[in-house]
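Shown next, in structure tokens, is the structure this report addresses.
Numbering (mature numbering (1 follows the signal peptide of the UniProt record, and there is no 0)), first residue to last: -19 to -1, 1 to 317.
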């Protein structure tokens, strides 16, 4: 199902996809409205998950929770209808002039676009590939084994299921927040965006160390850190890829880079976490492993790996500082 459903969904709706003019009036206002709704939904789900930790909701309460959630999920339709009804088209001649000016600006940027073969031959590509393997690989390995880690550390099934549910919330916070923060810092302080790759990987390394400690509540704190900064990778990587290699072959290059995610996940899940856990089980002579030692070595290895990714991210930041200064200058000139 996981393999076929995305393919069938794409095949079914691909004919309905249309190209729209990117320079839309009041586009930012409507996007901010959609972003606000997303934050409200995330906060609502977070509140419900926490409430269910304290009290057991009866059937009427569950129905009310469900109806409120349906209303929130339908709210983006209101934003779309309002955007359509309040849309004011500019003078056609002015629109043509704007499109022409923007096209000149875009043509200047497209001259530096690279295809997949050209991108693979650059150091920047392999820096992004390795940081993806360390960040997304260890993040996926953690979420895939979170329930088993919780069981070994003495958490109940309900607590571990709650951790998995909250991981999705932290993931959203990372994806949403990293884009806004990196944009703000880039255009106000001119910091190259790859510095945020380094920062997120450094904080993921701390998160792995927290879980490895096995202290009371460490899994909660560690999962928050890992969830937020794992999600940040998914927000930062496509943006950085398009900025460094251009948009003409963005899809191909980005998909090639993200291959590192499942490859890293397989390595850390099977060759690190799985192997070391089975070794601890064999030592104990029992069917399951209980205690901090079951996963400590695995998370320390992943902490070291993400720290290496942090160093690679810093190197990429140093390499691309002048390039990103040019991006800011082009952005200012394009909007001027």
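The beta carbon of each residue, even a glycine, is placed where N, CA and C say it ideally should be.
Query raised in the report: Since residue 218 contacts residue 238 with CB under 8 angstroms, what's their CB separation in whole angstroms?
Result: Position 237 of the chain shown, counting from 1, holds the residue named residue 218. Position 257 of the chain shown, counting from 1, holds the residue named residue 238. Contact flag correct, Cβ pair sits at about 7 angstroms.
Requested in this report: Taking residue 190 as part of the alpha helix (DSSP H), name the residues at either end of that continuous run.
Outcome: Your numbering for residue 190 matches position 209 in the chain shown. Looking at the DSSP string, the run of the alpha helix (DSSP H) that includes residue 190 is 175 to 194.
Query - Limits of the unbroken alpha helix (DSSP H) element including residue 212 - result: As a working note, residue 212 is residue 231 in the chain shown. Annotation: the continuous alpha helix (DSSP H) that includes residue 212 extends over 199 to 226.
**Report entry** Own chain, CB closer than 7 angstroms to residue 15, minus 5 neighbours either side, in chain order
**Finding:** Within the chain shown, residue 15 is the residue found at index 34, counting from 1. Around residue 15, the same chain offers 57, 60 as residues with beta carbons nearer than 7 angstroms, after the five sequence neighbours per side are excluded.
Query - Stretch pair the region 200 to 213 + the region 241 to 248: three plus CB contacts closer than 8 angstroms - result: No: fewer than three Cβ pairs fall under 8 angstroms.
Query raised in the report: Between which two residues does the alpha helix (DSSP H) harbouring residue 12 extend?
Result: Translated into the one-based positions of the chain shown, residue 12 becomes position 31. Residues 8 to 35.
Report task. Return the chain-ordered list of same chain residues with a C-beta closer than 8 angstroms to the C-beta of residue 201, the five sequence neighbours on each side being excluded. Result -> Taking the first residue of the chain shown as 1, we reach residue 201 at position 220. Beyond the five residues adjoining it in sequence on each side, residue 201 comes within less than 8 angstroms, by CB distance, of 144 in the same chain, given in chain order.
Report task. Please report the Cβ distance between residue 298 and residue 179, rounded to the nearest whole angstrom; I am assuming they are in contact, meaning their Cβ atoms lie under 8 angstroms. Result -> Here residue 298 refers to the residue found at position 317 of the chain shown. Here residue 179 refers to the residue found at position 198 of the chain shown. Residue 298 to residue 179, Cβ: 6 angstroms. Contact.
Query - Segment limits, alpha helix (DSSP H) that includes residue 166 - result: For this step, residue 166 is matched to residue 185 along the chain shown. Where residue 166 is concerned, the enclosing alpha helix (DSSP H) stretches over 138 to 170.
Query raised in the report: Is residue 122 closer than 8 angstroms to residue 250 when the C-beta atoms are compared?
Result: Here residue 250 refers to the residue found at position 269 of the chain shown. Here residue 122 refers to the residue found at position 141 of the chain shown. For residue 250 and residue 122, yes; Cβs fall inside 8 angstroms.
Query raised in the report: Per DSSP, what kind of secondary structure is residue 80 in: helix, strand or coil?
Result: Counting from one through the chain shown, the residue named residue 80 turns up at place 99. In this prediction, residue 80 scores a pLDDT of 44, lower than 50, which makes its location untrustworthy; the coordinate-derived value is nonetheless stated afterwards. The three-state secondary structure of residue 80, taken from DSSP, is helix.
Query raised in the report: Since residue 125 is in the alpha helix (DSSP H), which residue starts that stretch and which ends it?
Result: Walking along the chain shown from the start, residue 125 turns up at place 144. Run containing residue 125: 104 to 125, per the alpha helix (DSSP H) assignment.
Requested in this report: Assess, as a yes-or-no matter, whether the region 190 to 198 is touched by the region 274 to 286 under the definition of 3 or more beta carbon pairs within less than 8 angstroms.
Outcome: The region 274 to 286 makes contact with the region 190 to 198; the number of CB pairs closer than 8 angstroms reaches 3 or more.
Query raised in the report: Just the Cα atoms here: how many angstroms apart are residue 131 and residue 204?
Result: Position 150 of the chain shown holds residue 131. Position 223 of the chain shown holds residue 204. Cα to Cα, the separation comes out at about 11 angstroms.
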